[in-house]
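First residue of the sequence shown: 535, per this note's numbering; consecutive thereafter. Backbone N, C-alpha and C define an ideal beta-carbon position, used for all residues, glycine too.
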Amino acid sequence: MNLLNVLREDLKKAQLGKKESVSTTLRMLLSEIHNLEIKERKKETGLTNEEIIGVVRKEMKKRNDAIEEYQKAKREDLVAIEKEEITILEQYVPPQLQDENIQRVVEDSIREVNASGMQDFGKVMKVAMASLKGKAAGERIGEIVKKMLGNSAS
Numbered sequence: 535m536n537l538l539n540v541l542r543e544d545l546k547k548a549q550l551g552k553k554e555s556v557s558t559t560l561r562m563l564l565s566e567i568h569n570l571e572i573k574e575r576k577k578e579t580g581l582t583n584e585e586i587i588g589v590v591r592k593e594m595k596k597r598n599d600a601i602e603e604y605q606k607a608k609r610e611d612l613v614a615i616e617k618e619e620i621t622i623l624e625q626y627v628p629p630q631l632q633d634e635n636i637q638r639v640v641e642d643s644i645r646e647v648n649a650s651g652m653q654d655f656g657k658v659m660k661v662a663m664a665s666l667k668g669k670a671a672g673e674r675i676g677e678i679v680k681k682m683l684g685n686s687a688s
């Protein structure tokens, strides 16, 4: 069963169970998926599971950014709502890799491009991101690459 069908089924269950926050979050997600289908001209064929997971991750990132802003504004009520939405969305993405696994891939990427320091950051990121697409957040990969290239330069 593809992820879009799972989302639609979960929306039906949430509506029948009168789970307002779940149904609102899933409706928003389905709307974003629909918008991407239109933008990519894939209305007939539909999006792949990977593309849908990308939309879910993008929505989770939006929520995380909103949480930061709400915390600055001392709006804990809105922070709680955003965290609840993230919890709902997390159910539809595969778990992120642990740092140790990311480090292994980054080490391989560094060896592959013969990186010698921070000047090779872009080359390493290009290879690492290709290997870790959908498995780890780009920010996290970037932090690890910087740390490892910084250590290798010393």
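In the structure shown, A614 falls within a helical segment according to DSSP collapsed to helix, strand and coil. Annotation for G668: no alpha helix (DSSP H) segment contains it, and DSSP assigns it neither H nor E. Taking a C-beta distance under 8 Å as the contact criterion, A664 and I636 do not qualify as a contact pair. For V627, the secondary structure class from DSSP, reduced to helix, strand or coil, is coil.
With respect to K680, F655 sits close: the two C-beta atoms are nearer than 8 Å. Scanning its chain for C-beta atoms nearer than 8 Å, with the 5 sequence neighbours on each side dropped, one finds around M652 the residues K680, L683, G684 and A687, in chain order. Annotated three-state conformation of T582 is coil, per DSSP.
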